[in-house]
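Structure (C-alpha cells):
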C-alpha cells in the first residue's frame, strides 16, 4: 500500500521557475537565527544526502572508464537520471542560471577540496 | 598556455586522492562532516540569494551569478590558500544542470519526509511564471 505522501507527489506543479523553487525552499526550510543569520532547518543526515549525491556524480564522471574522453555534462546527466525517480515536476532554468549554478558548485568543490587537503596534510598540486 | 588545471584534471586529481576502488565501484573516503560541508555551503548561498531577492523591488535582482560569486568570496575570506580551475562553457552548464537536478531531488526528499507536498501547491498556485525565454531549459526531475 502506498503512503499518502507518495500519492501527493503526483500533484506537484509543472513549469516552475528555478527562482520560485528556491524561494519555496527558503520559505519552508530557512529561518532567522539568534544573531540575525539565515539558518537552514535540516538535519545532518539530510545535508549528507545532497553532498553524497553531488560528490558521487562528480567522481563517477572521472572514473567511468569509458575509454574515450567522457563528456562531463552527459556523464552527470546520466548519473542524475539514474538516481532520480521521475515525477511530473518540471523546472525551467535559463542557461544563465545553469552557468551561475555550475560556477557556484565548482567554487564549493574547490573550497571543500582545499579544506580536505589542509586537513589531511596534503599540499595542493595538479 | 594556462597555468590553471582544467576541470577534468581537477576532478581526476580529486578522485585519485579521495576514492578507492571496491567491488561496487569507486567509493569516496570522506567523513560525514566533510561531506556535509558542501551541502551547507550550497544551500546557504541559494537561500541568502532568495532572501536578498525578497527584499529587492526588482524581481530579477540581485542576479543569481553575481550574488553567488560574492557569497563564495565572503565565505572564503580569511583563508590564506586558494585555487583556480579552468572550466569551459559546456562543462559549466553541465555542472549547473547536475546541481539543479540534485537540489530538486533533495528538496522533494525533504518534503516527502516531512509530509509537505500539499503546501508546495498552495505556495505556487496561481502564480506560475510565463517563461518563454529563448534559452530556457526544461528539466524533468524527481525524488531519489
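Protein chains in written order, with this note's numbering: chain A, 279 to 404; chain B, 511 to 654. The beta-carbon is built from N, C-alpha and C at its ideal position, and this holds for glycine as well.
Quick one: grab the DSSP three-state call for residue 315 of chain A. In this structure, residue 315 of chain A counts as coil in the three-state DSSP scheme.
When the cut-off is 8 Å and only beta carbons count, does residue 536 of chain B lie next to chain A? At least one chain A Cβ lies under 8 Å of residue 536 of chain B.
Could you check whether the Cβ of residue 532 of chain B sits closer than 8 Å to any Cβ belonging to chain A? Not flagged as an interface residue toward chain A: residue 532 of chain B, since no C-beta distance is shorter than 8 Å.
Quick one: Cα of residue 610 of chain B to Cα of residue 301 of chain A, how far? The C-alpha of residue 610 of chain B lies about 14 Å from the C-alpha of residue 301 of chain A.
Using beta-carbon positions only, say whether residue 597 of chain B and residue 515 of chain B come within less than 8 Å of one another. Not closer than 8 Å, so no.
Between which two residues does the beta strand (DSSP E) containing residue 310 of chain A stretch? Looking at the DSSP string, the run of the beta strand (DSSP E) that includes residue 310 of chain A is 308 to 310.
Residue 341 of chain A - containing alpha helix (DSSP H), residue span: From DSSP, residue 341 of chain A is part of no alpha helix (DSSP H); its letter is neither H nor E.
Taking CB distances under 8 Å as the criterion, tell me whether residue 335 of chain A reaches chain B. At a cut-off of 8 Å, the C-beta of residue 335 of chain A has a neighbouring C-beta in chain B.
Count the CB pairs spanning the segment 546 to 557 of chain B and the segment 316 to 333 of chain A that are closer than 8 Å, and state whether there are at least three. Taking 8 Å as the limit for Cβ pairs, the verdict is that the segment 316 to 333 of chain A does touch the segment 546 to 557 of chain B.
By Cβ distance below 7 Å, which residues in the same chain neighbour residue 307 of chain A in space, the five residues on each side in sequence not counted? 318, 319, 320, listed in sequence order.
Please report the distance separating the alpha-carbon of residue 537 of chain B from that of residue 311 of chain A. The straight-line gap from Cα to Cα measures roughly 36 Å.
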